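Enquirer: Below you'll find the structure I mean.
Numbering (this note's numbering), first residue to last: 2 to 79.
Have a look at this one:
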């Protein structure tokens, strides 16, 4: 499963999402939307207006969502 975390510096929800993914042992790629204009355009085109934005093979969401992180972990473990 591919997990991409679109993040920005000094973002409390971004940091919380990273900690939750790390604790669950879920591998992910981080893209800094303040450094990558194409990535920022992508998340905006998907309708998201706040960071973090997490995109997986089967889901996408914004904000800190521990329930979604648990769902990723369950899928990866299965």
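Just so you know, even glycine gets a beta-carbon here, dropped at the ideal spot from N, CA and C. Given the structure is predicted, the values throughout are model-derived calculations rather than measurements.
1. What is the DSSP secondary structure of residue 33, reduced to helix, strand or coil?
2. Beta-carbon within less than 8 Å of residue 62's beta-carbon, same chain only, minus the 5 sequence neighbours each way: which residues are those?
3. If contacts are defined as beta-carbon pairs under 8 Å, then residue 27 and residue 75 qualify, I think. What distance do you get, rounded to the angstrom?
4. Are residue 38 and residue 32 close, meaning C-beta to C-beta below 7 Å?
5. Among the residues of its own chain, which have a CB less than 6 Å from the CB of residue 30, if the five just before and after it don't count?
6. My output table needs one value for residue 11: the three-state DSSP class, helix, strand or coil.
7. Of all the options 36, 14, 2, which has the alpha carbon lying nearest to the alpha carbon of residue 64?
Expert: Taking the coordinates as given:
1. strand
2. 54, 55, 69
3. Not confirmed; about 10 Å, so no contact.
4. no
5. 5
6. coil
7. 14
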